[in-house]
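In the working numbering, the protein residues as written are 2 to 438. We treat Cβ as the ideally placed atom computed from N, Cα and C, and that holds for glycine. Model, not experiment: these values are computed from the prediction. Below: one structure, written as structure tokens.
As structure tokens, this is what we get:
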């Protein structure tokens, strides 16, 4: 059952059931709670994806908002895993959508194109975006309308293990100014100096974010604002040729050369001492650094300062979106504004949604973080000062393409497919997944 909190219970985050009825009284997601009490009857339903720990953190943040809006009845629900998107779809299909919801990057365009989301700019006077990086704010635009407000931010960045470079007597690269040629040369040097025990590089050519970063450096992108394929065979051929060149140099491991257990930090190749560099989510730096022994340095992708454009992006970890059918759109926008801009709310959320999108909030919180967490926060702040390409909402089918991109990369890594064959296959996969070139 959905529970509602009295003001006293709200302050202590205790749950008091008052026997809600009807749609508002049943747990449509895996867990539910509420923040706020109302006699006026105005109700705001908020849902998100996550586990019980995130639920407590989010409830704490929503509770702070509810204290300032005592006449607003706020119910919250959550669901972990893939069931979240399934249940969200059911809510919309049954004409009972939540007012405020977590929207995944891969789903924003689909819901926006269906006309079921509110253009938040219709209430722009209630949402302060002054401290949000422009590229991050623009990532929630579809057709020029703001359907999603980033609720957290990350980036795909590179780390090197400085201890490995010191151990094998190789000069570490300048992670702010190197190019792809430098990457291959330095990584090959370390591989050779270690006698093959450690590879200098580990370039995930089948990772969507890595591939997309390289494309943007060429002035291209994965997809266009209209949802069309953003590249041709000739555009992507050099990407696969680059990896084959690096593998021949010994800069990166060939398929099957190293055996990692999984994607978690402690299972990664760099944590196991098999490679001296890796591409990681920037907000996971602390866990990777701990797993790798504490000598990691995080920086920019090769080519960022020398290519046609910067390829790295501030990536929304999630969006907050509002149903177009919400009866309380102004309250919904006010909640998103609070979650975005209030320091105490972000303290309560404790980074559960990634690094806060508001750079003033990041600065305010950084002083109380661990050294590794500060590295991640400062990295995001530095990216926010650069001229970055806006993330474009993913078209329907982007996840299927991501899976195929990984498969194609494995074929190249195991020498079962040439770069030319891979270039042809990746364009065909994109066309099949979401559109025609």
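Q. Based on Cα-Cα distance, which residue from 93, 349, 152 and 182 lies nearest to residue 359?
A. Within the chain shown, residue 359 is the residue found at index 358, counting from 1. Nearest in C-alpha terms to residue 359, of all of 93, 349, 152 and 182, is 152.
Q: Verify whether the separation of the beta carbon atoms of residue 98 and residue 117 is less than 8 Å.
A: Within the chain shown, numbered from 1, the residue matching residue 98 stands at position 97. Within the chain shown, numbered from 1, the residue matching residue 117 stands at position 116. Yes, these two residues count as a Cβ contact at 8 Å.
Q. Considering only the beta carbon of each residue, do residue 63 and residue 77 sit closer than 8 Å?
A. Here residue 63 refers to the residue found at position 62 of the chain shown. Here residue 77 refers to the residue found at position 76 of the chain shown. Taking a C-beta distance under 8 Å as the contact criterion, residue 63 and residue 77 qualify as a contact pair.
(Q) Check this for me: beta carbons of residue 258 and residue 288, under 8 Å apart or not? (A) Within the chain shown, the letter at position 257 stands for residue 258. Within the chain shown, the letter at position 287 stands for residue 288. Going by beta carbons, residue 258 and residue 288 fall outside the 8 Å limit.
Q) What's the gap between the Cα of residue 425 and the Cα of residue 413? A) To locate residue 425, count along the chain shown from 1; it is residue 424. To locate residue 413, count along the chain shown from 1; it is residue 412. Their backbone Cα atoms lie some 12 Å apart in a straight line.
Q: Give a yes or no on whether the C-beta atoms belonging to residue 357 and residue 280 are separated by under 8 Å.
A: Your numbering for residue 357 matches position 356 in the chain shown. Your numbering for residue 280 matches position 279 in the chain shown. No, they are not a contact pair.
Q. Does the Cβ of residue 372 have 16 or more other Cβ atoms within 10 Å, making it buried, or fewer, making it exposed?
A. In the chain shown, residue 372 corresponds to position 371, counting from 1. Counting Cβ neighbours within 10 Å, residue 372 comes out exposed, since fewer than 16 surround it.
**Q.** Three-way DSSP call (helix, strand, coil) for residue 151 in this model
**A.** The residue given as residue 151 occupies position 150 in the chain shown. Residue 151 falls in the strand class under three-state DSSP.
Q. Helix or strand or just coil, what does DSSP make of residue 253?
A. For the purposes of this step, residue 253 is identified with residue 252 of the chain shown, where counting begins at 1. Looking at residue 253 - three-state DSSP - the assignment turns out to be coil, as it is neither helix nor strand.
(Q) Give the list of continuous alpha helix (DSSP H) stretches no shorter than 4 residues that lie fully inside the region 395–436. (A) Within the region 395–436, the runs of alpha helix (DSSP H) that reach at least 4 residues and sit entirely inside it are, in chain order, 399–414 and 420–435.
Q. Would you call residue 427 buried or exposed, if buried means 16 or more other Cβ atoms sit within 10 Å of its Cβ?
A. As a working mapping, residue 427 is identified with position 426 in the chain shown. Classification of residue 427: buried, given that the 10 Å Cβ count is 16 or more.
Q. For residue 25, which residues from the same chain have a beta carbon less than 8 Å from its beta carbon, with the 5 sequence-adjacent residues on both sides left out?
A. Position 24 of the chain shown, counting from 1, holds the residue named residue 25. The predicted model places residue 25 with a pLDDT of 37, which falls under 50 and marks its position as unreliable; any figure quoted below should be read in that light. Within the same chain, residue 25 has close Cβ partners 3, 44, 46 and 76.
(Q) When you compare the region 235–249 with the region 158–178, are there three or more beta-carbon pairs, one atom per stretch, that lie closer than 8 Å? (A) Judged by Cβ distances under 8 Å, the region 235–249 makes no contact with the region 158–178, as fewer than three pairs qualify.
**Q.** CB contact flag (residue 109, residue 85, <8 Å)
**A.** The residue you call residue 109 lines up with position 108 of the chain shown. The residue you call residue 85 lines up with position 84 of the chain shown. Not closer than 8 Å, so no.
Q) Alpha carbon to alpha carbon, how far is residue 295 from residue 317? A) For the purposes of this step, residue 295 is taken as residue 294 along the chain shown, with counting starting at 1. For the purposes of this step, residue 317 is taken as residue 316 along the chain shown, with counting starting at 1. When rounded, the distance between both Cα atoms is 27 Å.
Q. Which residues does DSSP pair with residue 80 in a beta bridge?
A. As a working mapping, residue 80 is identified with position 79 in the chain shown. DSSP lists 50 as partners of residue 80.
Q. Between the beta-carbon of residue 363 and the beta-carbon of residue 378, is there less than 8 Å?
A. Sequence index remark: in the chain shown, residue 363 carries index 362 (1-based). Sequence index remark: in the chain shown, residue 378 carries index 377 (1-based). A contact, by the Cβ cut-off of 8 Å.
Q: Return the first residue and the last residue of the beta strand (DSSP E) that residue 318 is part of.
A: For the purposes of this step, residue 318 is identified with residue 317 of the chain shown, where counting begins at 1. It spans 316–323 - the beta strand (DSSP E) in which residue 318 sits, taken as one unbroken run.
Q.
If the criterion is Cβ atoms closer than 8 Å, does the pair residue 409 and residue 207 meet it?
A. Counted from its first residue, the chain shown places residue 409 at position 408. Counted from its first residue, the chain shown places residue 207 at position 206. If you check the CB distance, residue 409 and residue 207 come in under 8 Å.
Q) Can you check whether the CB of residue 159 is closer than 8 Å to the CB of residue 285? A) Within the chain shown, numbered from 1, the residue matching residue 285 stands at position 284. Within the chain shown, numbered from 1, the residue matching residue 159 stands at position 158. The answer is no: Cβ separation not under 8 Å.
Q. In terms of residues, what are the limits of the beta strand (DSSP E) holding residue 214?
A. Position 213 of the chain shown, counting from 1, holds the residue named residue 214. Residue range 209–218 is occupied by the alpha helix (DSSP H) that includes residue 214, with no beta strand (DSSP E) assigned at that position.
Q) What residue range is occupied by the uninterrupted beta strand (DSSP E) comprising residue 282? A) Start at 1 with the first residue of the chain shown, and residue 282 comes out as number 281. Residue 282 -> beta strand (DSSP E) spans 278–282.
**Q.** Spatial neighbours of residue 423 in its chain, beta-carbon cut-off 6 Å, leaving aside the 5 residues before and after
**A.** Locating residue 423 in the chain shown gives position 422, where the first residue counts as 1. 241, 409 and 413, listed in sequence order.
Q: Taking residue 113 and residue 143 to be in contact with their CB atoms under 8 Å, please state how far apart those CB atoms are, rounded to whole angstroms.
A: Counting from one through the chain shown, the residue named residue 113 turns up at place 112. Counting from one through the chain shown, the residue named residue 143 turns up at place 142. The pair is a contact, with the Cβ atoms about 4 Å apart (cut-off 8 Å).
Q. Based on the DSSP output, what are the partners of residue 356 in its beta bridges?
A. Counted from its first residue, the chain shown places residue 356 at position 355. In DSSP, residue 356 forms a bridge with 154.
**Q.** Residue interval of the alpha helix (DSSP H) (run including residue 331)
**A.** Within the chain shown, the letter at position 330 stands for residue 331. DSSP places residue 331 in the uninterrupted alpha helix (DSSP H) bounded by 330–342.
Q: Determine the direct distance from the alpha carbon of residue 401 to that of residue 202, and round the result to whole angstroms.
A: For the purposes of this step, residue 202 is taken as the residue at position 201 of the chain shown. For the purposes of this step, residue 401 is taken as the residue at position 400 of the chain shown. Cα to Cα, residue 202 sits roughly 27 Å from residue 401.
(Q) Let's see if you can read the secondary structure: which residues bound the alpha helix (DSSP H) around residue 298? (A) As a position in the chain shown, residue 298 is number 297, starting the count at 1. From DSSP, residue 298 is part of no alpha helix (DSSP H) but of the beta strand (DSSP E) over 297–300.
Q) Using the beta-carbon count (16 or more within 10 Å), is residue 111 buried or exposed? A) Here residue 111 refers to the residue found at position 110 when the chain shown is read from its first residue. Flag for residue 111 reads buried.
Q: Would you kindly report the start and end of the unbroken beta strand (DSSP E) that includes residue 101?
A: Position 100 of the chain shown holds residue 101. Segment 101–104, the beta strand (DSSP E) holding residue 101.
Q) To which residues does DSSP link residue 230 through a beta bridge? A) Taking the first residue of the chain shown as 1, we reach residue 230 at position 229. As DSSP reads the structure, residue 230 sits in a beta bridge with 224.
Q: Kindly identify the DSSP beta-bridge partner or partners of residue 43.
A: Walking along the chain shown from the start, residue 43 turns up at place 42. Residue 43 is bridged to 73.
Q: Identify which residue in 395, 430 and 51 has its Cα closest to the Cα of residue 227.
A: To locate residue 227, count along the chain shown from 1; it is residue 226. Among 395, 430 and 51, the Cα nearest to that of residue 227 is on 395.
Q. Per DSSP, residue 161 is paired with what?
A. Residue mapping note: residue 161 aligns to position 160 of the chain shown, counting from 1. As computed with DSSP, residue 161 is found in a beta bridge with 278 and 298.
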